[in-house]
Structure formats: structure tokens, C-alpha cells
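Engineer:
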Amino acid sequence: MRQNMPANRHFKPVRVLLPSEEVARQLSDAIRAGYFRFGSKLPSERSIAEQMQVSRPTVREAVKLLVEANILTVKPGSGGGAFVTSEIVPLDVIVTAPDLRPGDMGEALEMRRLILPWVAQIASQYAEDADFDRMRDAIEFGRQSLPMPEAAKSSPEAISSIIIATMRFDLALAQATRNSLAMHLMELLLQWVEPMRHKTLQSRADLVLSLELVETMMRTIEAGDPAPIAEITERRLNILEKALEEQTGRRLRRSRYSPA
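Per this note's numbering, residue 829 is the first one in the sequence shown, and the count goes up by one each step.
#1: Within the continuous beta strand (DSSP E) that includes A910, where are the two ends?
#2: Judging by CA-CA distance, which residue of S875, L1018, K1027 and S848 is the nearest neighbour of I943?
#3: Using three-state DSSP, classify L974 as helix, strand or coil.
#4: Hey, how far is the Cα of L845 from the Cα of E978?
#5: How big is the Cα-Cα spacing for E1062 and P945?
#6: Just checking, does the stretch 1049-1064 make contact with the stretch 910-921 on the three C-beta pairs under 8 Å criterion?
#7: State the start and end residues of the unbroken beta strand (DSSP E) segment that holds L900.
#8: Going by the CB atoms, is the gap between M1046 and I1060 shorter than 7 Å?
#9: Could you tell me the alpha carbon to alpha carbon distance between S1038 and L900, rounded to whole angstroms?
#10: If you draw a straight line from the alpha carbon of L1029 to that of M995, how long is it in whole angstroms?
#11: On the criterion of 16 or more Cβ atoms from any shown chain inside 10 Å, does E848 qualify as buried, or is it exposed?
#12: Please state the DSSP three-state secondary structure of L1068.
#13: Count the C-beta pairs between the stretch 979-994 and the stretch 948-960 that are closer than 8 Å, then say yes if the count reaches three, no if not.
#14: Please give me, in chain order, every unbroken run of the beta strand (DSSP E) with length at least 3 that falls completely inside the stretch 988-1017.
#15: Give me the Cβ distance between I1057 and A936, rounded to the nearest whole Å; I'm assuming they're in contact under 8 Å.
#16: Could you tell me the distance, in whole angstroms, from the CA atom of Q854 to the CA atom of T1076?
#17: With distances taken between CB atoms, is the gap from L1080 to G934 smaller than 7 Å?
#18: Do you know offhand how far R1084's Cα is from D1034's?
#19: Label G970 either buried or exposed according to how many other C-beta atoms from any shown protein chain fall within 10 Å of its C-beta, with 16 as the threshold for buried.
#20: Helix, strand or coil, according to DSSP, for K981 in the structure here?
#21: Pick out whichever of N1007, N898, R860 and A890 has its Cα sitting closest to the Cα of A993.
#22: Looking at M1024: is its Cβ nearer than 7 Å to the Cβ of L1068?
#23: Which same chain residues, not among the five before or five after Q1003, have their C-beta less than 8 Å away from its C-beta?
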């Protein structure tokens, strides 16, 4: 008689992407990260196919998916091509967002506590003008997306815009470390904590505070003084950590490795 295998936390449902879905995912990630801005033209179909080593029909199908999601538009004729119509790209526009178990978010925030302070301090040593330009662009994108002061409630689009703005800021920080693994880890962490960020950004004041914190972080990194960098980093870390503790009733393990 065949017995059921016990549940294993390492086994998860497998989602195999079609090649066109993977191309669409990479394109949408590039738009979310700010590499292609509103109104900008994507590389040619041939160029994308060569870079991703897929067929041109696969790229065409990927573009179609993003057109249906109102992220791209295609203009025919000379001077035509695929153009960005929205930088507000939801995380799950092509693939599902990370499927988190109750303890997963806590683990993600613990890793964020390890990585973000290191990234901020190293960025203060190696950041160049181009890095600060990317940080300022991210902040300005967020400012332009803020709802009017009299707005009673923030729209989902405004919330997504602020999340994308601060994501771009953190990616610029990671890029400033000149460490490709740090960049990759930051990308993964930002995807994992995004669901929690939606829960902490509701009012206009929440959105404004989120932008103020990253702007303060940029100024402290420009100044290069480790103590203020650590202080503003701690403020940013605490927002999500306290929100998760309130939601779950469990205290995270940050006290074990927080600075004294």
C-alpha cells in the first residue's frame, strides 16, 4: 500500500514559464527598475532576440503580453516600435508574486537587515555621480506620483509608484557597491518584501514618509558619515519589521544582531 509522503518545506509547486513569458518578465523587470522610462522605445525585436537568445516570434509574443497589460504600445511604420506606456508595473504582471509561508516574510526581513546596512555603508564609499543621479531620478519619480494633499486615500497606482521609486533607489544603492552579487540579492529581497510594503503604505503621509526616508539616506550617503547612515537605515528597517510584528504577534530576531 502506497503511503503519502510527509510535506517537505523544500518542495513547492513548479511554474515553468514559456519563453515568451520569460522575455516579458525580463522586459517588465527592466521597466520597473527604470532602465526604460515612460515614452521610451525598447530595443528592436532583432536586438532583444539576439541578447536573450530567443526567436523573434518569441519576442513578438512577449511584447504582445505587455501590450495587453497596458505597459507597452506598438507603433507601426518607420520610427515605430514598442514604447513604454506605463512605468507602474505590478510585480505579478507576468508571473505570480512570491508565494510566502507565514515565516518567510520574517526571514526575508532578517536578511534585509543584514544586507541593507552593508549596502548603504559600502555605497557611501564607492558611489559616483551617476549613482546619485539614479537615486535622485528614483526620488523624483516618486514625488511626481504622490496624490494631492487633499486626497482622502492613496490610490493603488500611487502606492505602486512609491514602491517602485524606493525599489529603484535601493537598486541604485546596490549598484553603487560595485558588487554584482549585492545587486542580485537586493533584487530578490525587494521582490520578497513588496507584499508587506503594500500593507504599510496606505495614507498619503505614509507615501511622503517613504520618500523622505530615502532622500535622507541619500544625503547621509553623500556625506559619508557612518553613524547617520546607520541611523537612517535603522529607521527604514524598523517600519516593515514593526508592521510584521504587529501582524503576526511575534518578535523578529533583529535584537540579536542590531548595533548596541
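C-beta atoms are modelled at their ideal positions from N, C-alpha and C, and glycine is treated no differently.
Structural biologist: The short version:
#1: Stepping through the sequence shown from its first residue, residue 910 is reached at position 82. Taken as a continuous stretch (DSSP letters only), the beta strand (DSSP E) holding A910 covers G909 to V912.
#2: Here residue 943 is taken as the residue at index 115 of the sequence shown, counted from 1. Taking only the C-alpha atoms, the option nearest I943 is L1018.
#3: Locating residue 974 in the sequence shown gives position 146, where the first residue counts as 1. Correct three-state label for L974: coil.
#4: Here residue 845 refers to the residue found at position 17 of the sequence shown. Here residue 978 refers to the residue found at position 150 of the sequence shown. Those two C-alpha atoms are separated by around 43 Å.
#5: As a working note, residue 1062 is residue 234 in the sequence shown. As a working note, residue 945 is residue 117 in the sequence shown. Answer to the nearest angstrom: the Cα atoms are 8 Å apart.
#6: no
#7: Residue numbering aside, residue 900 sits at position 72 when the sequence shown is read from its first letter. Segment L900 to K903, the beta strand (DSSP E) holding L900.
#8: As a position in the sequence shown, residue 1060 is number 232, starting the count at 1. As a position in the sequence shown, residue 1046 is number 218, starting the count at 1. No, they are not a contact pair.
#9: For the purposes of this step, residue 1038 is taken as residue 210 along the sequence shown, with counting starting at 1. For the purposes of this step, residue 900 is taken as residue 72 along the sequence shown, with counting starting at 1. Using only the alpha carbons, I get a separation of about 28 Å.
#10: Translated into the one-based positions of the sequence shown, residue 1029 becomes position 201. Translated into the one-based positions of the sequence shown, residue 995 becomes position 167. About 14 Å.
#11: Working through the sequence shown from its first residue, we reach residue 848 at position 20. Per the sequence shown, the amino acid found at residue 848 is Ser instead of Glu. S848 comes out buried.
#12: Residue numbering aside, residue 1068 sits at position 240 when the sequence shown is read from its first letter. If DSSP states are grouped into helix, strand and coil, L1068 belongs with the helices.
#13: no
#14: none
#15: Numbered from 1 along the sequence shown, position 229 holds the residue referred to as residue 1057. Numbered from 1 along the sequence shown, position 108 holds the residue referred to as residue 936. About 22 Å separates the two Cβ atoms, so there is no contact after all.
#16: Indexing the sequence shown from 1 puts residue 854 at position 26. Indexing the sequence shown from 1 puts residue 1076 at position 248. Computed Cα separation, rounded: 33 Å.
#17: Against the sequence shown, residue 1080 aligns to sequence position 252. Against the sequence shown, residue 934 aligns to sequence position 106. Yes, the pair counts as a contact, with Cβ atoms nearer than the cut-off.
#18: The sequence position of residue 1084 within the sequence shown is 256, counting from 1. The sequence position of residue 1034 within the sequence shown is 206, counting from 1. Low confidence applies to R1084: its pLDDT is 44, below 50, so where it sits in the model is not reliable enough to give any reading.
#19: By one-based count along the sequence shown, residue 970 stands at place 142. Per the 10 Å Cβ criterion, buried.
#20: Within the sequence shown, residue 981 is the residue found at index 153, counting from 1. Three-state DSSP puts K981 in coil, outside helix and strand.
#21: Mapped onto the sequence shown, residue 993 falls at position 165. The residue with the shortest Cα to Cα distance from A993 is R860.
#22: Taking the first residue of the sequence shown as 1, we reach residue 1024 at position 196. Taking the first residue of the sequence shown as 1, we reach residue 1068 at position 240. The answer is yes: Cβ separation under 7 Å.
#23: In the sequence shown, counting from the first residue as 1, residue 1003 sits at position 175. Answer for Q1003: D959, R962 and M1011, listed in chain order.
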